[in-house]
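*Asks:* So the sequence shown is numbered by our numbering: it starts at 5 and just counts up by one.
Positions of the beta carbon are idealized from the N, C-alpha and C atoms, including for glycine.
Please read through the structure below; I'll follow up with questions.
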Amino acid sequence: MSIEKSKQAEELLQQHNQAHIIKFMNNLNEKERELLENQILSIDFAQMKELYDSTKKTVEIKENKIEEISYFDKQKLGSSKKEQLDELGARIVSSGKYAVVTMAGGQGTRLEHPGPKGTFKLDVYGKGKYLFEILIDNLKEANKKYGVVIPWYIMTSQQNHDETKEFLEKHSYFGYDKNSVILFKQGELPLIDHNGKLLIGKNKLIKLASDGNGGTFTSLRTSGALANMKERGIKWVFIGGVDNVLLKMVDTTLLGLAIEQNVQIASKSIPKASPKEKVGVFCKMNGHPKVIEYSELPEKMAEEISSSGELKYGESHIMCNLFTIEAVEKISKEPLIYHKALKKNAYLDETGKEIIPQDLNAYKFESFIFDAFPFFDDIAILRGKREDDFAPVKNKEGIDSPKTAKELYEKFWKKVEK
Ligand code: UTP
């Protein structure tokens, strides 16, 4: 590191209220210092200030015009309409214009599984199945039906990338064509404490964390995965999570509906179980599609009933989304808003001593995939069924846990195989 660069890094820290890092640097050897200084020069301090300022504000929903959103119920489409939509969708899939993205960059903190979430083995049918394996089964079934090999893009994080790759290699991609599996890494942002100070991690660098599943679009573009899709002639991109064991990644009715409605984005929903269920729900905000997080939906609105006698804001977002390739590209160039989450994070103090906090001490900033929706005028929403479409593995125990997912998974397949 040149003296010039060293000076630059120190000045940045001074200017941005991060003098504690200058003190920390004094105890580092030359190599460690150089690595840290390089990292400092790559941080967007103006953005970090903006993010810190945002932690002091509360989300104000009242100023916006919120309306209910319309949806199509898959159960009520009628068989000829459903057939027509399926045919429209199937034409795209069987002509090789359909790709799937799995967002697998999350930390899975609630599940407490030591490793990438996709490597978690769900105890089904005695011998168990890994979450990645369940997704692959789903894709293989579609490949057989439509006579194609659907390209599968997996978003990993900087932390879990190597482990994910090794796991898939070790299991020979569970029989999937290796050339059709493309891994790409998502972006990261620094963590900050209550006073806007950056944290230092055990590796003696500024502590970073994945920037949320909304980062999918930008990461697709910057990693070259989007260009790869274009080369393959992809027109429609499905983006889903890694942890819903009933996720249907190739739903031709959903795809057909998007084509028929002439929209660029589409999403599968399920009806909200109760006004208090902790899920994001669809609405229209200022005329654009939007998902409101449960924590941001006022209680009164959560309980409101529509003219059809259902919850007015009752369509839950289940991370089952479709985009045209143009839509993916468009969003990849738009800045999505960041949501803050206060988490417990160990760090090194100025003297290099590790501090394990008792309380929540650091803000993590994440953008959410559904914050892409307001960039469009419309969305096609297809209401599915909870028992067919949604069995997430989120918590170690209780609701949305391996136990509930196993029950739902086995029940669904018993029904299908009958
Ligand atoms: P969640 O928000 O449920 O997070 O992710 P998580 O990491 O699985 O679990 P917790 O909250 O730490 O317990 C929903 C989907 O988005 C992906 C996850 O892998 C999951 O498929 N995700 C989340 C990412 O790909 N990147 C992120 O930065 C965050």
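Going by DSSP, what residue range makes up the alpha helix (DSSP H) through Ile158?
*Replies:* Not the alpha helix (DSSP H): Ile158 falls in the beta strand (DSSP E), residues 156 to 160.
*Asks:* Would you list, in sequence order, the uninterrupted beta strand (DSSP E) runs of no fewer than 3 residues that lie entirely inside the region 296 to 362?
*Replies:* Counting only runs of 3 or more, we get 319 to 328, 343 to 347.
*Asks:* Assuming Met56 is part of the alpha helix (DSSP H), what are its boundary residues?
*Replies:* According to the sequence shown, residue 56 is Tyr rather than Met. Residues 49 to 58.
*Asks:* Say whether the region 256 to 272 touches the region 346 to 361, bearing in mind that this needs 3 or more beta-carbon pairs closer than 8 Å, one atom from each stretch.
*Replies:* Judged by Cβ distances under 8 Å, the region 256 to 272 makes no contact with the region 346 to 361, as fewer than three pairs qualify.
*Asks:* Can you give me the C-alpha to C-alpha distance between Leu315 and Ser371, rounded to a whole angstrom?
*Replies:* In a straight line, the C-alpha of Leu315 is about 27 Å away from that of Ser371.
*Asks:* Using 10 angstroms around the beta-carbon of Gly151, count the other beta-carbons present and answer buried if the total reaches 16, otherwise exposed.
*Replies:* Exposed.
*Asks:* Taking Arg387 as the reference, which of Gly110, Glu333, Ser320 has the closest Cα?
*Replies:* If we check each option's Cα against that of Arg387, Ser320 comes out closest.
*Asks:* Hey, would you say the C-beta of Gly132 is under 7 Å away from at least one heavy atom of ligand 1?
*Replies:* Result no, Cβ not under 7 Å from ligand 1.
*Asks:* Pick helix, strand or coil for Tyr150, following the three-state DSSP scheme.
*Replies:* The answer is helix: DSSP assigns Tyr150 an H, G or I state.
*Asks:* Relative to the alpha-carbon of Gln22, which residue among Asn33, Glu8, Glu41 has its alpha-carbon at the smallest distance?
*Replies:* With distances taken between Cα atoms, Gln22 lies closest to Glu41.
*Asks:* If the criterion is Cβ atoms closer than 8 Å, does the pair Ile373 and Gly218 meet it?
*Replies:* Yes; because the gap between Cβ atoms is below 8 Å, this pair is in contact.
*Asks:* Going by CA-CA distance only, name the one from Ile403, Glu391, Lys398 that's closest to Trp417.
*Replies:* Taking only the C-alpha atoms, the option nearest Trp417 is Glu391.
*Asks:* Consider the C-beta atom of Lys121 and the heavy atoms of ligand 1; say whether any pair is separated by less than 7 Å.
*Replies:* Flag set: Cβ of Lys121 near ligand 1.
*Asks:* Cβ of Leu115 within 7 Å of any heavy atom in ligand 1?
*Replies:* Result yes, Cβ under 7 Å from ligand 1.
*Asks:* Quick one: is Ala277 buried, meaning 16 or more other Cβ sit within 10 Å of its Cβ, or exposed?
*Replies:* Per the 10 Å Cβ criterion, exposed.
*Asks:* Which residues does DSSP list as the beta-bridge partners of Val104?
*Replies:* Answer by DSSP bridge pairing, in chain order: Trp156, Phe242.
*Asks:* Which of helix, strand or coil does DSSP assign to Arg114?
*Replies:* Of the three classes helix, strand and coil, the one that applies to Arg114 here is coil, per DSSP.
*Asks:* Using CA coordinates, which residue listed in Asn399, Tyr367, Lys407, Leu412 is at the minimum distance from Lys389?
*Replies:* Ranking the options by Cα distance to Lys389, first place goes to Leu412.
*Asks:* Can you pull the DSSP bridge partners for Ser6?
*Replies:* Answer by DSSP bridge pairing: none, since Ser6 is not bridged.
*Asks:* Is Val246 near ligand 1 - that is, is its Cβ less than 7 Å away from at least one heavy atom of it?
*Replies:* Indeed, a heavy atom of ligand 1 lies less than 7 Å from the Cβ.
*Asks:* Can the beta-carbon of Ile322 be found less than 8 Å from the beta-carbon of Asn248?
*Replies:* A contact, by the Cβ cut-off of 8 Å.
*Asks:* How do the region 224 to 244 and the region 83 to 102 stand: do at least 3 beta-carbon pairs fall below 8 Å, yes or no?
*Replies:* The answer is yes - the region 83 to 102 touches the region 224 to 244, with three or more Cβ pairs under 8 Å.
*Asks:* To the nearest angstrom, how far is the alpha carbon of Gln111 from that of Thr168?
*Replies:* Going from the Cα of Gln111 to the Cα of Thr168 covers about 13 Å.
*Asks:* Could you have a look at Val185 and say whether DSSP puts it in helix, strand or coil?
*Replies:* In this structure, Val185 counts as strand in the three-state DSSP scheme.
*Asks:* Measuring only from the beta carbon, is Met253 closer than 7 Å to any heavy atom that is part of ligand 1?
*Replies:* No, ligand 1 has no heavy atom inside 7 Å of this Cβ.
*Asks:* Can you tell me where the alpha helix (DSSP H) with Arg236 in it begins and where it stops?
*Replies:* First-last for Arg236: undefined, no H or E at that position.
*Asks:* Please classify Asn325 as buried or exposed, where buried requires at least 16 other C-beta atoms within 10 Å of its C-beta.
*Replies:* Buried, by the Cβ-count rule.
*Asks:* Quick check on Asn266: does DSSP put it in helix, strand or coil?
*Replies:* Three-state DSSP puts Asn266 in coil, outside helix and strand.
*Asks:* CA-CA distance, Gly216 and Leu209?
*Replies:* C-alpha separation (whole angstroms): 21 Å.
*Asks:* In angstroms, rounded to a whole number, what distance separates the CA positions of Lys53 and Lys27?
*Replies:* If you take the alpha carbons of Lys53 and Lys27, they lie about 21 Å apart.
*Asks:* Flag Gly216 as yes when its Cβ comes closer than 7 Å to any non-hydrogen atom of ligand 2, and as no otherwise.
*Replies:* Looking for ligand 2 in the displayed structure turns up nothing; the ligands present are ligand 1.
*Asks:* In the DSSP assignment, find the beta strand (DSSP E) that holds Phe286 and state where it starts and stops.
*Replies:* That run of the beta strand (DSSP E) goes 285 to 289.
*Asks:* Consider the C-beta atom of Gly284 and the heavy atoms of ligand 1; say whether any pair is separated by less than 7 Å.
*Replies:* False, no ligand heavy atom lies under 7 Å from that Cβ.
*Asks:* DSSP has Pro406 in a bridge; who is on the other side?
*Replies:* Its beta-bridge partners do not exist; DSSP assigns none.
*Asks:* Mind reading off the beta-carbon distance from Ala366 to Ile196? Whole number of angstroms is fine, and I expect it under 8 Å.
*Replies:* 7 Å between Cβ atoms; contact.
*Asks:* Quick one: Cα of Pro275 to Cα of Glu71, how far?
*Replies:* Distance between the alpha carbons of Pro275 and Glu71: 17 Å.
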